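Peer 1: Using my numbering, read the sequence shown as starting at 543 and increasing by one per residue. Every residue gets a Cβ at the ideal spot worked out from N, C-alpha and C, and that includes glycine. Model, not experiment: these values are computed from the prediction.
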Amino acid sequence: MGLRIITAGACAVAALAATAALAQPPAAPPAAVSNAVDKPTYVSIPMEVTVNKPAAEVWAKVGKFCDLGVWMRIDCTVSGPDGQFGAVRKIAGGRVTEVLVGMTPLSYTYTQPVAAGRPYNLYHGTLEARPVNATTSKLVYTLTFDNSMLADDAARARDLAQKRTQFEGALANMKVLAETGAMPPAPPAPPRPAAPAAK
């Protein structure tokens, strides 16, 4: 008889504990972290260079998705068929990912996807070989992105100038490559600062 009373009591206590647990409010889920920017400021940098070759010939020399590895003098690897929707290229030692999201016979557009823990700036680039006449074309490179997360107007101006200088240099390389079939010589590396004199 005593054994049955203890067992029944234990069951009653367990039932009460389970009921109490069910009565507790569930733990709040962790707060979602958004990559969205509250007040974006979208900017574009249009750049172009005239090339003394027909557009189709120019595009054959510089228009593959990983050709930028040549004319920007950086490493580039591509997964998926190069030049088809969804191709993904990795540059800068794999630190930067770019996805091909639009294309025509003489152009492509790419974007950099959302990265965890970093505000999304909607970075897009378009490269196009635009016919001018039977023997001449233009290479047109346009960047579009949100620069609102930079500190101030001075920082935004510096960023625009840096990007323009970098990509106008790439266009100059593409022009030489398309017209001559070879890249121009690489600029000399900047001198290293002298080591401080020993005291």
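#1: Are valine 585 and phenylalanine 687 touching if we call contact CB-CB under 8 Å?
#2: According to the Cβ coordinates, are threonine 678 and threonine 592 closer than 8 Å?
#3: Name the DSSP bridge partner or partners of aspartate 688?
#4: So, helix, strand or coil for lysine 769, using DSSP?
#5: Quick check on threonine 715: buried or exposed, where buried means 16 or more other Cβ atoms within 10 Å of its Cβ?
#6: Just to check my reading of the structure: asparagine 577 and valine 656 have Cβ atoms closer than 8 Å, yes? What is that Cβ distance to the nearest angstrom?
#7: Out of Pro727, Pro582, Pro588, Asp609, point me to the one whose CA is closest to arginine 706's CA.
#8: Would you report the Cα separation of alanine 724 and alanine 602, rounded to the nearest angstrom?
#9: Quick one: Cα of tyrosine 683 to Cα of aspartate 694, how far?
#10: Using DSSP with H/G/I as helix, E/B as strand and the rest coil, what is lysine 606?
#11: If you follow the beta strand (DSSP E) that glycine 667 is in, where does it begin and where does it stop?
Peer 2: Short version:
#1: As a working mapping, residue 585 is identified with position 43 in the sequence shown. As a working mapping, residue 687 is identified with position 145 in the sequence shown. Annotated as proximal: valine 585 and phenylalanine 687, with beta-carbon spacing under 8 Å.
#2: Locating residue 678 in the sequence shown gives position 136, counting from the first residue. Locating residue 592 in the sequence shown gives position 50, counting from the first residue. Yes; because the gap between Cβ atoms is below 8 Å, this pair is in contact.
#3: Against the sequence shown, residue 688 aligns to sequence position 146. In the DSSP output, where bridge partners are listed per residue, aspartate 688 has Tyr584.
#4: Since the first and last residues shown for the chain are 543 and 741, residue 769 lies out of range.
#5: Residue numbering aside, residue 715 sits at position 173 when the sequence shown is read from its first letter. Here residue 715 is asparagine; the residue named in the question, threonine, does not match the sequence. Its Cβ being crowded by 16 or more others within 10 Å, asparagine 715 is buried.
#6: Counted from its first residue, the sequence shown places residue 577 at position 35. Counted from its first residue, the sequence shown places residue 656 at position 114. With a Cβ gap of about 5 Å, asparagine 577 and valine 656 count as contacting.
#7: The residue you call residue 706 lines up with position 164 of the sequence shown. Arginine 706 has its Cα closest to that of Pro588, out of Pro727, Pro582, Pro588, Asp609.
#8: Translated into the one-based positions of the sequence shown, residue 724 becomes position 182. Translated into the one-based positions of the sequence shown, residue 602 becomes position 60. If you take the alpha carbons of alanine 724 and alanine 602, they lie about 13 Å apart.
#9: Residue mapping note: residue 683 aligns to position 141 of the sequence shown, counting from 1. Residue mapping note: residue 694 aligns to position 152 of the sequence shown, counting from 1. So the two alpha carbons sit approximately 26 Å from each other.
#10: Here residue 606 is taken as the residue at index 64 of the sequence shown, counted from 1. Here lysine 606 sits in coil by DSSP.
#11: Taking the first residue of the sequence shown as position 1, residue 667 is located at position 125. Where glycine 667 is concerned, the enclosing beta strand (DSSP E) stretches over 666-673.
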